[in-house]
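A.B. asks:
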Amino acid sequence: MKKITVKHIKSKKGWGKISMLTCYDYSFAGILDSSGVDIILVGDSLANVVLGLDKTNTVSVAEMLNHTQAVAKAVKHSLVVTDMPYLAYQKEPAKALSFAKKFILKGAEAVKIEWFSQCKSVIKRLVKNNIPVMGHIGLTPQTAHLLGGYKVQGRSPEAAKKLIDQAKIIEDLGAFSLVLECLPYQLSQRISKAVRIPTIGIGAGKYCDGQVLVSYDFLGLYSKKKLKFTRVYCDLSSQIKTATKLFIKDVKKGKFPSQSESF
Ligand code: KIV
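Numbered according to my numbering, the sequence shown spans residues -12 to 250.
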């Protein structure tokens, strides 16, 4: 399999062409990468599904750097993108470039930036310094408190226009792709037609250039929240429980380890 580059993703404009999954560690990254997913996102959903935190904006830069390094070590084919955590740029926009450079040094090939009041200067600065940027509009979890919570965005004509404008601004600033989160599908279609960079949807319907899912959701590993827009492709939680019970039984019955599993 050929290595996927930012240039390659940019050229994949067209309905349903890009697959992206989140990932946080070395072992999972190796599996997703060898399965052929285009982009592996070290998402700040790490906060929820791995660290058990309620909000993504509390995950630290150090935690995201560690997990970026672990994922990047395993990846040979997919493009590795890291979410810039809230604490790395929304708290201190002036420091965004130095933090982004740290992520690149750990193996990220691009960073994702959620829309916020000062995101224009941040994106401009990163792009000027040759750091590829993926934008993110719609429901932006890092600032969900400013959007009325975890809700579908862009339902009114005014809100829809605002989002179309944001998409165009992000494109003009030089981002190479754009995540659309929790939007009515008709609006995602309008945005996807309005920009030349590929759009990648989550809860944004099928008329995007690609789709992204949180890996713990699509593998059935995270059951805290049932989300309308995710599809559970397998039930790893049940499989892990079954395996764990079998192990406990074998230990209790003296069936593990066997002679051949002993020195
Ligand atoms: O962190 C994450 O999982 C994300 C996806 C929802 C796109 O940003």
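Virtual Cβ for every residue (Gly too), placed ideally from N, Cα, C. Keep in mind that this is a model prediction, so the values were computed, not measured.
Where does M51 fall in DSSP's three states?
C.D. replies: Reduced to three states, the DSSP call for M51 is helix.
A.B. asks: Under 6 Å from any heavy atom of the ligand KIV, does the C-beta of I189 make it?
C.D. replies: Flag set: Cβ of I189 near the ligand KIV.
A.B. asks: Need the endpoints of the beta strand (DSSP E) that E248 sits in, please.
C.D. replies: Careful: E248 lies outside any beta strand (DSSP E) and carries neither H nor E.
A.B. asks: Restricting to Cα atoms, I'd like to know which of V48, H54, L170 is closest to V37.
C.D. replies: For V37, the nearest C-alpha among the options comes from H54.
A.B. asks: Can we count T9 as close to the ligand PLP, meaning its CB is less than 6 Å from some heavy atom?
C.D. replies: This structure does not include the ligand PLP; its bound ligands are the ligand KIV.
A.B. asks: So what does DSSP say about E145, is it helix, strand or coil?
C.D. replies: Three-state DSSP puts E145 in a helix.
A.B. asks: If you draw a straight line from the C-alpha of T(-5) to the C-alpha of K215, how long is it?
C.D. replies: First, the residue type needs correcting, since residue -5 is His and not Thr in the sequence shown. Rounded to the nearest angstrom, the two C-alpha atoms are 31 Å apart.
A.B. asks: What residue from F243, R218, I27 has the CA that sits closest to M57's CA?
C.D. replies: The question names Met, but residue 57 is Ala in the sequence shown. Residue I27 is the option with its Cα nearest to A57.
A.B. asks: Measure the CB-CB distance between L84 and V48 and report whether it falls below 7 Å.
C.D. replies: No, they are not a contact pair.
A.B. asks: Going by C-alpha distance, which of M(-12), K(-10), M7, T217 is nearest P185?
C.D. replies: Of M(-12), K(-10), M7, T217, the residue nearest in Cα terms is M7.
A.B. asks: Can you have a look at N116 and say buried or exposed, based on whether 16 or more other CB atoms are within 10 angstroms of its CB?
C.D. replies: Result: exposed.
A.B. asks: Distance, Cα to Cα, L66 vs Y203?
C.D. replies: Rounded to whole angstroms, L66 to Y203 spans 19 Å at the Cα level.
A.B. asks: For the ligand KIV, is there any heavy atom lying closer than 6 Å to the beta carbon of D70?
C.D. replies: Within the cutoff, so yes.
A.B. asks: Go through the segment 34 to 97 residue by residue and report every complete run of the beta strand (DSSP E) that reaches 3 residues or more, in order.
C.D. replies: As far as the segment 34 to 97 is concerned, its whole beta strand (DSSP E) runs of at least 3 residues are 66 to 70.
A.B. asks: So R183 and K0 are supposed to be a Cβ contact under 8 Å. How far apart are they, rounded?
C.D. replies: Indeed, because the Cβ distance is near 7 Å, the residues count as touching under 8 Å.
A.B. asks: Is V166 near the ligand KIV, with its Cβ less than 6 Å from a heavy atom?
C.D. replies: At least one heavy atom of the ligand KIV is nearer than 6 Å to the Cβ of V166, so yes.
A.B. asks: By Cβ distance, which residues of its chain are closer than 8 Å to V114, with the 5 residues on each side in sequence left out?
C.D. replies: Contacts found: V120, L160, G161, A162.
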